[in-house]
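J.: These protein sequence lines map, in sequence, to chains A and B.
Per our numbering: the first sequence = residues 23 to 255.
Per our numbering: the second sequence = residues 23 to 255.
2 protein chains.
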Amino acid sequence: MRVEIWSDIACPWCYIGKARFEKGLAAFAHRDEVEVVHRSFELDPGRAKSDTGPVLEMLASKYGRTLDEARAMEEHVASNARSEGLGYLTEGRDHGNTFDIHRLLHFARERGLQSELLDVAYRANFAEERSVFTPETLLALGVEAGLDEAEVRAVLADEDAYADAVRADEREAAELGANGVPFFVLDRRYGVSGGQPAEVFTQALEQAWQGRALQPVTGDAAAPACDVDGNNC
Amino acid sequence: MRVEIWSDIACPWCYIGKARFEKGLAAFAHRDEVEVVHRSFELDPGRAKSDTGPVLEMLASKYGRTLDEARAMEEHVASNARSEGLGYLTEGRDHGNTFDIHRLLHFARERGLQSELLDVAYRANFAEERSVFTPETLLALGVEAGLDEAEVRAVLADEDAYADAVRADEREAAELGANGVPFFVLDRRYGVSGGQPAEVFTQALEQAWQGRALQPVTGDAAAPACDVDGNNC
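1. Flag B:Q136 as yes if its beta-carbon sits less than 8 angstroms from any beta-carbon of chain A, otherwise no.
2. Taking just the CA atoms, how far does A:T156 sit from B:P204?
3. Counting only runs of 3+ residues fully inside the region 180-249 of chain B, write out the beta strand (DSSP E) ranges in chain order.
4. If we ignore side chains and look at the alpha-carbon of each, how far apart do B:N147 and B:A172 end up?
5. Spell out whether any CB of chain A is found under 8 angstroms from the CB atom of B:R145.
6. Please decide whether B:E228 counts as near chain A, where near means a Cβ-Cβ distance under 8 angstroms.
7. Identify the residues that DSSP records as bridge partners of B:E57: which are they?
8. Count the C-beta pairs between the region 216-233 of chain A and the region 29-44 of chain B that are closer than 8 angstroms, then say yes if the count reaches three, no if not.
9. Any beta-carbon of chain A closer than 8 angstroms to the one on B:A92?
10. To which residues of the same chain is B:M104 closer than 8 angstroms at the C-beta, ignoring the five residues directly before and after it?
11. Any C-beta of chain B sitting closer than 8 angstroms to the C-beta of A:V154?
12. First and last residue of the alpha helix (DSSP H) that includes A:V142?
13. Compute the Euclidean distance between the alpha carbons of A:A143 and A:S62, then round it to the nearest angstrom.
14. Just the C-alpha distance for B:A183 and B:V154, rounded to the nearest angstrom, thanks.
15. Taking A:E91 as the reference, give the member of A:A190, A:L78 and A:R125 with the closest Cα.
16. Based on Cα-Cα distance, which residue from A:D249, A:A41 and A:H117 lies nearest to A:T74?
17. Does the region 233-240 of chain A come close enough to the region 163-170 of chain B that 3 or more CB-CB pairs lie under 8 angstroms?
18. Should B:Y37 go down as buried or exposed, given a rule of 16 or more other Cβ atoms within 10 Å for buried?
19. Looking at B:V59 and B:R131, is the spacing between their C-beta atoms short of 8 angstroms?
20. By the criterion of Cβ-Cβ separation under 9 angstroms, what are the contact partners of A:W35 in chain B?
21. According to DSSP, is A:P34 part of a helix, a strand, or is it coil?
22. If I measure Cβ to Cβ from B:D209 and keep anything under 6 angstroms in the same chain, skipping five residues before and after, which residues do I get?
23. Can you say whether B:P238 is buried or exposed, counting buried as having 16 or more other CB atoms within 10 angstroms of its CB?
24. If you drop the 5 nearest sequence neighbours on each side, which residues of the same chain put their C-beta closer than 7 angstroms to that of A:S215?
25. Between the Cα of A:L178 and those of A:E96, A:S83, A:I27 and A:F129, spot the shortest distance and give me the residue it belongs to.
26. Does the beta-carbon of A:G266 have 16 or more other beta-carbons within 10 angstroms, so that it is buried, or is it exposed?
27. Is it buried or exposed, B:T112, if we count other Cβ atoms within 10 angstroms and call 16 or more buried?
28. Looking at C-alpha atoms only, which residue of A:A82, A:V99 and A:R87 is the closest neighbour of B:R246?
29. Between A:N119 and chain B, is there a C-beta pair that is closer than 8 angstroms?
30. Could you give the uninterrupted runs of the alpha helix (DSSP H) lying entirely in the region 88-161 of chain B, keeping only those of 4 residues or more?
31. What would DSSP say about A:S72, mapped onto helix, strand or coil?
32. On the criterion of 16 or more Cβ atoms from any shown chain inside 10 Å, does B:E64 qualify as buried, or is it exposed?
33. Against chain A, which members of the region 70-89 of chain B pass a CB distance test of less than 7 angstroms?
34. How would you list, in chain order, the residues of chain B whose beta-carbon sits under 7 angstroms from the beta-carbon of A:A190?
35. I'd like to check one pair, B:K71 with B:N119: are the Cβ atoms closer than 8 angstroms?
Okay, structure coming up:
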């Protein structure tokens, strides 16, 4: 079975949702037969790459709140994160454009290290005072995730590398009806929105597992194939 | 959308079916949004790695036919292959154990060269007098497909490398009800068996595209998410 998770590195509920999903997955009997793929979604795709700044000020300005009120909003998210055992700074972290890290996550997927890079990047962004919006930090995160330094450097330097893959993910999210993240898709058949409790993910996995039967497509019934007992071939 | 194709390198209808599928895909309007993954299936998993030999003799012995009759069977397949523009030798090719090439195909998938390796291997097996059952040939095929020689050598030398991935594919094929190959699965929702005409694949792709709507899984409707307009985050 296959689960695709659309998320953005700048999305706290994605950070929390990944931990809750993994807890839900760990409780699922067929967990060893589940492949997880992380897909790209930018909450703020129009933001210039040079335009980074403190999250609290961004929140206060966007919602017309004081910095203290923005801090209270963040504190609510932080308490959810901490209840999952995740670190969360309510001050000192930055907001910015996430396109490059999505490109790098696609490269990491090819190397089998996508989930690792996402964990490292979430931790840097939410639990440590590290801005994940500079090539230098992205390079360091890639290496921490286990990627080859020269390869990461090459991906970051070539702004076309995996750019189409990021945009294809974003187009697919729109086609599937996702207007927020995290967004979980099970075998392209079931959708789960948001940072749900772990048990909801376990139930969704069980539901998708039950509903795995394929619909045959009408075709030439006599189409030649090689049978498992070796007939015809 | 995602298409998974279970096949075996030793299966002539898989060789022909890949070409027909690709022709059907080329006629599909949303072809650029289709991801194709090749999955492992062994028609003859019990065969010892050392047990290779001429296909014609194997066919004659299995079906109790003369070599001339076996040659006629092969000629029928060959004419189908040639009508797809594919080379096909009715003499001089070998039959053997395909586990190692499946392992290598999994590695090639990580490097984005799976389809290329499969093409090279099919051509070597069916159109050229090259036995694809020795480490030397597999190494050469990997390099021809664009893989790194040292990496291919390491995968071939470690018989555990990707072995679980091959077995997991085979288990999934059985669970999905495949008892022959090629077997095509579209978004884990529709199944197509056999080397169908290209138009059947185009129709199946269109049918699967229409049926893409996800079923929502019941959960906590108020589960927190970050919206595309930036609300909540």
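In this text, a Cβ means the ideal position worked out from N, Cα and C, and glycines have one as well.
T.: Taking the geometry as given:
1. no
2. 46 angstroms
3. 205-208 and 212-215
4. 23 angstroms
5. no
6. no
7. B:R24
8. no
9. no
10. Checking the sequence, you will find Arg at residue 104 of chain B rather than Met. So the list reads Y110, once near-sequence residues are dropped.
11. no
12. Q136 to Y144
13. 14 angstroms
14. 18 angstroms
15. A:L78
16. A:H117
17. no
18. buried
19. yes
20. A245, P246, A247, C248, N254 and C255
21. helix
22. M23, R24 and A230
23. exposed
24. G202 and F205
25. A:F129
26. Chain A is shown only over 23 to 255; residue 266 of chain A falls outside these bounds and no answer can be derived.
27. buried
28. The residue you asked about is not Arg; residue 246 of chain B is Pro in the sequence shown. Among A:A82, A:V99 and A:R87, the Cα nearest to that of B:P246 belongs to A:V99.
29. no
30. 89-105, 121-132 and 136-144
31. coil
32. buried
33. K84
34. E55
35. yes
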